[in-house]
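For the sequence shown, this note's numbering gives the first residue as 995, with consecutive numbering after it.
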Amino acid sequence: MESVHDIGVFFILGFQGDSIDSGDPIVRDITERNLSGVILFGRCLHSPESPGNITSPAQLRALNAALSSLRAEPLLIGVDQEGGAVQRLSAGNGFSDYPSASQLGLQGIGATSREAAGCAQMLHEAGINCNFAPVTDVNCNLHNPIIGALERAFSSEPEAVADHAGTWIRAHRQYGVVSSAKHFPGHGSSSGDSHHGFVDISATWQPDELIPYQRLISANEVDMIMTGHLFNRRLDAEHPATLSHRTITGLLREKLGFSGVVVSDDLQMGAITSRYCFGEAVWRALAAGVDLLIVGNNLVYQPDVLVEAQQAIAEALARGWLSRGRLDQARERIMGLRGVLAG
């Protein structure tokens, strides 16, 4: 049975505050539970009166130095830093603003290369080694409230998306920052926002939305791929992509040939919580082929989430819903990614 002292390897967690001390749950999870990483936010959505994790350049450098000092092995320290509407480091907290993906798509590859390098350098200097970007969605629906309307996609042309996403990832690699292409198998056609509830793309999703992923995988230009909490009955008539063995193992792993780390979008988002309890979401995601699970602790705060996760995984193993081999496979991939950060 997986011990609570080992369970953290499968998780990236968010936490409260702009500093840490020895009694904080996140410190315990890093030092005692082998947590793979943390995700930082500029605002605390569940408690707006509280500070986010990022308030100034000096504060962020100090926070990340403190986090990194908690153990010898590298810790994934991640943010969503896409540019445009989604950038946790911004002019508002003392950093630089960067253009949206849509703006870069219009300006051309040279602009993407230049701006991605600037963004990656900024992250590196702040002590961040993981960027949950680029958005690799094809801009199929300009009125999509969470992608098109926010200018988060590079283009409506799959080949152009692949070109810009690959350029973004290469620029980040030059500064030792790993990236995550998202949101597999494609959020661009949706008319709903998976942060808030169930999103069905069955009638709108097109296979061409896989082209950017195919290109990146074939060129070995992707560090991680993030799943979207997207239901598509043409791929799986029961579960959204994050919890779908057919989508993650069948399509992404076996058909497209991706052998790297698959990371979930935040399991506290409404598309998951509206239909699944936390424990079920954990074991289903792992069984589906997801390796690394994000729990943002920003929409809601669950300081002992790893205890609940350990109980869910133990039950799933005992009942045969999840195999030991699948966990070993996930652990091997994650440790390989952590090894990349070690240089």
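For every residue, glycine included, the Cβ atom is placed at its ideal position computed from N, Cα and C.
Predicted model, so just to flag it, every value in this text is computed and none were measured.
Using a Cβ-Cβ cut-off of 6 Å (strictly less than) and excluding sequence neighbours within five positions of residue i, which residues of its own chain qualify?
| i | result |
| --- | --- |
| residue 1128 | 1159 and 1162 |
| residue 1144 | 1079 |
| residue 1152 | 1132, 1202, 1205 and 1206 |
| residue 1258 | 1221, 1236, 1279, 1284, 1287 and 1288 |
| residue 1020 | 1009 |
If you count every other CB in all the chains shown that lies within 10 Å of the CB of residue i, and 16 or more means buried, which is it?
| i | result |
| --- | --- |
| residue 1318 | exposed |
| residue 1109 | buried |
| residue 1113 | buried |
| residue 1214 | exposed |
| residue 1059 | exposed |
| residue 1329 | exposed |
| residue 1228 | exposed |
| residue 1184 | buried |
| residue 1010 | buried |
| residue 958 | Any question about residue 958 goes unanswered here, given that the chain covers just 995 to 1337. |
| residue 1136 | exposed |
| residue 1231 | exposed |
| residue 1042 | exposed |
Measure how close the beta-carbons of residue i and residue j come, nearest whole angstrom, since I'm counting them as under 8 Å.
| i | j | result |
| --- | --- | --- |
| residue 1280 | residue 1316 | 6 Å |
| residue 1289 | residue 1301 | Not a contact, Cβ separation roughly 12 Å. |
| residue 1182 | residue 1134 | 4 Å |
| residue 1077 | residue 1035 | In fact, because the Cβ distance is near 16 Å, the residues do not count as touching under 8 Å. |
| residue 1023 | residue 1002 | 5 Å |
| residue 1064 | residue 1106 | Rounded, the Cβ-Cβ distance is 35 Å, inconsistent with contact. |
| residue 1120 | residue 1054 | 5 Å |
| residue 1286 | residue 1255 | 6 Å |
CA-CA distance, residue i and residue j?
| i | j | result |
| --- | --- | --- |
| residue 1172 | residue 1314 | 34 Å |
| residue 1084 | residue 1090 | 5 Å |
| residue 1220 | residue 1284 | 9 Å |
| residue 1261 | residue 1092 | 27 Å |
| residue 1223 | residue 1266 | 7 Å |
| residue 1326 | residue 1320 | 10 Å |
| residue 1194 | residue 1142 | 16 Å |
| residue 1294 | residue 1012 | 17 Å |
| residue 1307 | residue 1244 | 22 Å |
| residue 1000 | residue 1117 | 29 Å |
| residue 1140 | residue 1189 | 9 Å |
| residue 1192 | residue 1168 | 37 Å |
| residue 1155 | residue 1027 | 38 Å |
| residue 1071 | residue 1125 | 8 Å |
| residue 1335 | residue 1122 | 11 Å |
| residue 1196 | residue 1273 | 26 Å |
| residue 1016 | residue 1297 | 14 Å |
Spatial neighbours of residue i within its chain, please: CB distance less than 7 Å, with the 5 preceding and 5 following residues excluded, ordered by chain position.
| i | result |
| --- | --- |
| residue 1082 | 1034, 1035, 1036, 1048, 1073, 1074 and 1075 |
| residue 1234 | 1223, 1224, 1225 and 1265 |
| residue 1029 | 1002, 1005, 1007 and 1023 |
| residue 1039 | 1292 and 1293 |
Under 8 Å Cβ to Cβ from residue i, same chain only, skipping five residues before and after it: list those, please.
| i | result |
| --- | --- |
| residue 1095 | 1076, 1077, 1078, 1128, 1129, 1145, 1146, 1147, 1148 and 1158 |
| residue 1014 | 1020, 1021, 1057, 1060 and 1061 |
If you measure from the beta carbon of residue i to each beta carbon in chain C, is any gap under 8 Å?
| i | result |
| --- | --- |
| residue 1172 | Note that chain C does not occur in the displayed structure, where there is just one protein chain. |
With contact counted as at least three CB pairs below 8 Å, one residue from each stretch, are the segment 1273-1293 and the segment 1237-1245 in contact? yes
Under 8 Å, with one C-beta from each stretch per pair, do the segment 1203-1222 and the segment 1247-1256 reach the 3-pair mark? yes
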